[in-house]
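Below is one structure; the comments refer to it alone.
Numbering (my numbering), first residue to last: 21 to 365.
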């Protein structure tokens with residue numbers, strides 16, 4: 021991989037031990053010390069990053085869309101505690117190396133010099149593919165939730181696979197897995213937490229604001245999640261019925277059973293759909309920045325195109341286009357095998 025190959029000779033010597041000094045110099049100087057030039061507009065505050073993190077988490081959607089697996093166990097508190105440890109660690113690295121390149125740049129700096137290039141290459145592609153697939157998971161889940169909403173008024177409508185309507189649920193027969201299955205919804209909710217690091221080059225005073233946003237996202241999300249989870253658990257209908265909810269989407273079905281009115285169920289489901297739209301936008305933006313950063317290091321075929329930044333909007337339009345195209349192509353797998361699709365989303 022041609023990682024860091026574009027850096028000038030004047031900064032190359034710094035890259036062997038570089039780190040962004042907190043409280044010294046400007047964001048532009050800090051970025052240049054890491055070997056990159058300023059290309060994006062820094063118009064995001066700490067609260068912008070925090071709310072983008074919460075939008076990516078989209079707790080009512082993230083937890084609710086996988087509610088069926090949560091019925092087999094619990095784990096909101098446990099996962100939030102563990103995720104906060106991860107968030108603090110990511111914040112420390114993001115403060116030290118504030119670049120949109122994120123984890124693959126970090127691995128290049130802290131790994132053994134003998135293996136740092138190959139480890140950075142592996143980390144970069146793993147991180148990029150993970151960004152694409154988790155974004156696809158959110159967008160595809162939104163389509164499934166929207167389809168399940170239709171069943172509120174048309175409960176007898178039979179969905180065909182090509183309409184994104186088949187749900188293949190495969191669960192372990194061993195009860196010992198119930199705890200691990202139960203922590204999947206909260207784990208899924210915060211699984212994209214680290215993606216916010218790709219916004220580093222669009223935030224002023226990034227060495228302070230980005231770590232704060234990361235460390236606050238989990239506790240704020242935890243408290244906000246309780247306002248959704250506790251009422252939901254207190255009003256759940258018969259579990260056997262919930263497990264048979266259309267399309268594996270329990271939330272529309274639960275709202276219908278609890279409220280008893282299709283109109284009321286549609287109203288509440290619409291709120292979650294709106295939250296999901298913001299989640300979809302936020303996570304797609306973050307994934308596009310990861311794509312752009314990786315292309316900037318000449319690590320993707322066609323990097324010259326994907327690394328271009330639109331001068332009018334200061335936005336990597338082509339990286340956003342690639343991110344969207346990859347999701348569209350990967351979603352076609354669902355038409356052939358829903359099990360294969362669910363395996364990586």
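Every residue, glycine too, gets a C-beta built ideally from N, C-alpha and C.
For residue j and residue i, the rounded distance between their alpha carbons
i	j	result
residue 203	residue 245	14 Å
residue 275	residue 200	26 Å
residue 256	residue 54	52 Å
residue 97	residue 242	8 Å
residue 305	residue 321	21 Å
residue 395	residue 47	Absent from the model: residue 395. The displayed extent of the chain is 21 to 365, so no value can be given.
residue 151	residue 356	23 Å
residue 72	residue 234	10 Å
residue 335	residue 82	28 Å
residue 168	residue 307	27 Å
residue 110	residue 231	8 Å
residue 119	residue 362	32 Å
residue 153	residue 347	7 Å
residue 323	residue 218	17 Å
residue 206	residue 287	24 Å
residue 128	residue 142	11 Å
residue 211	residue 298	17 Å
residue 260	residue 295	28 Å
residue 366	residue 309	The structure shown does not extend to residue 366, since the chain is modelled only from 21 through 365, so no value can be given for it.
residue 77	residue 155	12 Å
residue 214	residue 223	16 Å
residue 289	residue 229	34 Å
Residue closest to residue i, alpha-carbon to alpha-carbon, out of the options
i	options	result
residue 316	302, 117 and 144	144
residue 70	358, 107, 323 and 55	107
residue 352	68, 118 and 157	157
residue 216	59, 83, 123 and 99	123
residue 252	140, 74 and 279	279
residue 326	51, 223, 333 and 338	338
residue 293	160, 68, 134 and 132	160
residue 149	115, 311 and 295	311
residue 314	95, 126 and 105	126
residue 103	239, 63, 225 and 79	239
Where residue i falls: helix, strand or coil (DSSP)
i	result
residue 362	helix
residue 155	helix
residue 331	coil
residue 50	helix
residue 316	helix
residue 277	helix
residue 251	helix
residue 269	coil
residue 296	helix
residue 354	helix
residue 102	helix
residue 10	Given that the chain is displayed from residue 21 to residue 365, the structure contains no residue 10 and the question cannot be resolved.
residue 229	helix
residue 348	helix
residue 447	Nothing can be reported for residue 447, as the shown portion of the chain is limited to 21 through 365.
residue 73	helix
residue 214	helix
residue 136	helix
residue 256	coil
residue 78	coil
Beta-ladder partner(s) of residue i, from DSSP
i	result
residue 223	64
C-beta neighbour in chain D for residue i, strict 8 Å
i	result
residue 288	Judged by its chain identifiers, the structure shown contains no chain D, having just a single protein chain.
Whole runs of the alpha helix (DSSP H) within the region 108-132, excluding any shorter than 4 residues: 123-130
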